[in-house]
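In the working numbering, the protein residues as written are 1422 to 2080.
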């Protein structure tokens, strides 16, 4: 007796089993026999119930995922690649059977009749394979939608618990005092976890919507293919085997019993998996306009599909941006948009979402003018494809308005946001974070458009809403408090503005870290209002280090870097060195004109500062000439009654009187 393991007692394949299907089934059965594993052993590895495995090995046409998973579970490592290739070749032969040779016994069907029957059988088999694939895809996207819905409920609970945890840790920190580093670390971590949970909740909502849209499209294809199969089915033909859907086991989520970090990691993993599933199936549907794609023969590395690649590239681009490299994120999204257009089409929601991210990171990289143009093109596309009230459409309108303002048109930004805020309140509710963000930006651009008193009052009430909804230490609450303090200063109370920023800077450093961009921005504003309160030397020194930091971290062309250089030049002049300030402004005007354009308000402000310090340095005639050129430009760009225009007109009158 040999040492070979006896083969399993398999049920005979039906006599009507096509030769190609028979060869594949026998090949897969042989691999199971060689492995010595039972169907119970294979079920958790392959991801199918034992009854489903038995059906596939008993003559039902399997899908490619099952075939590759079974080979991976049964073949030794040295033979895995060889057996996978052979199995996929057999599967391809099943899905694309050759026409049978003609002939037959006397009294049997004619040659032409036999060819017709074989052709019909081939059509049967191929249509059946398409239907099987469509049903599998439908099952996958329905499971993805169900996963997202379950995940949303988990994340809703997680966000609520984290809000309570943040409030509790804040009280603990306040009770122990600012010297407790452990309490500070716990609170900072909890705030970061809350932000991640809110981000994953937003992703889960979007994935559920995308999966449900795909499921509806697939159902239409299933109905069409079922009708086609009925039409092709002759009354004498053997019935095709039932299509058995594989039920995916639902992923149990129990964040109550796990650490918050582990729960977030699972939530991210579920979202990542659903992203890949939705992107892959979307790409497969786009690749075939008339019929769901067949199970294609591929290499063993079946995960490297176009949809998977697009999803991975998308996540990689986002990671680059969030890691502090907006230029890299912008460039990656520029490539990704082209890939999405090729794979999915210009009007696909995933393509539109990549365009949104491209515009966003273009702005973050320091080019608000280009970002505004990209958003201006995206808004009507989102409206046409997704609808006027879709959250993505509202988000693109918000970003468009913000970039218009950053690019130098605060009046238009104000008007766009004035139209958007009522829509967001109606669709999302007054306390939704996106609604609060639009209210915040509306107030900001009202102030930048020349009405700081109105902005101050709007922001005062908004700060209260932010604290109530998000908490006092939420980054958005801090941003609102910062803008409120700034508008208080612009409205005439420089001392209160300075004191508010003196309180804000350490809070920013505690919550976000001392080198975070928003912390640096609050330091910039503190320096400004210190100078405005009569201490330009201290302001100058603060800004000297800030300019260096901005140049290294953000780059010399970033708007924040240019704004810090402007403030620094002002304080150098106010501290008693107008000649040095004159030279700094001469460089800044050239740089700002190149980066932002001659009509940008920041360029006009740099020209104002240059003319002022030239006059202070003793060249009154040149100062008068520069202001005479600047005033009509400010009237044209900002309007006659804008505070900056009035300041330039007053300066012109002053230097004309001095000249």
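Heads up, the beta-carbon is just placed ideally off N, CA and C, and yes, glycines get one too.
Reference residue 1614; option with closest CA among 1875, 1587, 1635: Among 1875, 1587, 1635, the Cα nearest to that of residue 1614 is on 1587.
Nearest residue (CA-CA) to residue 1944, options 1641, 1954, 1966: 1966
Residue from 1981, 1571, 2005, 1977 with nearest C-alpha to residue 1629: 1571
Proximity winner among 1574, 1804, 1788, relative to residue 1829 (alpha-carbon distances): 1788
Same chain, Cβ closer than 7 Å to residue 1912, neighbours up to 5 away in sequence not counted: 1873, 1874, 1877
Residue 1641 versus residue 1769 - alpha carbon distance: 18 Å
Short Cβ contact (8 Å threshold) for residue 1445 with residue 1511: yes
The alpha helix (DSSP H) enclosing residue 1434, as first and last residue numbers: Going by DSSP, residue 1434 is part of no alpha helix (DSSP H) at all; its letter is neither H nor E.
Three-pair Cβ contact test at 8 Å for the stretch 1760 to 1769 versus the stretch 1777 to 1784: no
Separation of residue 2049 from residue 1960, as counted between CA atoms: 30 Å
Option nearest residue 1482 by Cα separation, candidates 1514, 1507, 1493, 1498: Considering only alpha carbons, the answer is 1514.
Outcome for residue 2030 when other beta-carbon atoms lying within 10 angstroms are tallied against a minimum of 16: buried
Completely contained alpha helix (DSSP H) runs for the stretch 1726 to 1812, where each covers 4 or more residues: 1727 to 1743, 1747 to 1765, 1770 to 1785, 1789 to 1807
Straight-line gap, residue 1420 to residue 2056 (C-alpha atoms, nearest Å): Outside the modelled stretch of the chain, which goes from 1422 to 2080, sits residue 1420, for which no answer is possible.
Straight-line gap, residue 1625 to residue 1569 (C-alpha atoms, nearest Å): For residue 1625 and residue 1569, the distance between alpha carbons rounds to 5 Å.
C-beta atoms of residue 1508 and residue 1488 nearer than 8 Å: Yes, they are a contact pair.
Three CB pairs or more closer than 8 Å across the stretch 1789 to 1801 and the stretch 1987 to 1994: no
Validate contact between the stretch 2038 to 2054 and the stretch 1813 to 1833 using beta carbons, cut 8 Å, 3 pairs: no
Reduced DSSP secondary structure (H/G/I, E/B, other) of residue 1946: helix
CA-to-CA distance, residue 1838 to residue 1860, given in whole angstroms: 8 Å
Proximity test, residue 2014 beta-carbon vs the ligand PLP heavy atom, cut-off 7 Å: The model on display carries no ligand, and the ligand PLP is accordingly not part of it.
Ordered list of alpha helix (DSSP H) runs contained in the stretch 2007 to 2064, each at least 4 residues: 2022 to 2037, 2041 to 2059
Residue environment, residue 1484, which counts as buried when at least 16 other CB atoms sit within 10 Å: buried
Buried versus exposed, by CB contacts within 10 Å (16 or more), residue 1453: With 16 or more other CB atoms across the displayed protein chains lying within 10 angstroms of its CB, residue 1453 is buried.
Spatial distance of residue 1976 from residue 1841 (CA atoms): Going from the Cα of residue 1976 to the Cα of residue 1841 covers about 33 Å.
Coil, strand or helix - residue 1469 by DSSP: In the three-state DSSP reduction, residue 1469 falls in the coil class, being neither helix nor strand.
Within 8 Å, strictly: CB atoms of residue 1744 and residue 1754: no
N-terminal and C-terminal residue of the alpha helix (DSSP H) that residue 1503 is part of: 1498 to 1516
Boundaries (first-last residue) of the alpha helix (DSSP H) holding residue 1936: Note, residue 1936: premise wrong, no alpha helix (DSSP H); not H, not E.
Contact set for residue 1591: own chain, Cβ-Cβ below 8 Å, skip 5 residues either direction: 1608, 1892, 1893, 1894
Under 8 Å between C-beta atoms of residue 1552 and residue 1647: yes
DSSP three-state assignment for residue 1853, whether helix, strand or coil: Note: residue 1853 maps to coil in three-state DSSP.
Three-state class that DSSP yields for residue 1912 in the structure shown: Looking at residue 1912 - three-state DSSP - the assignment turns out to be coil, as it is neither helix nor strand.
Cutoff 7 Å; reference residue 1611; Cβ partners in own chain excluding five residues on either side: 1583, 1586, 1587, 1590
Nonlocal neighbours in the same chain, by C-beta distance under 7 Å from residue 2064, ignoring five residues either side: 1871
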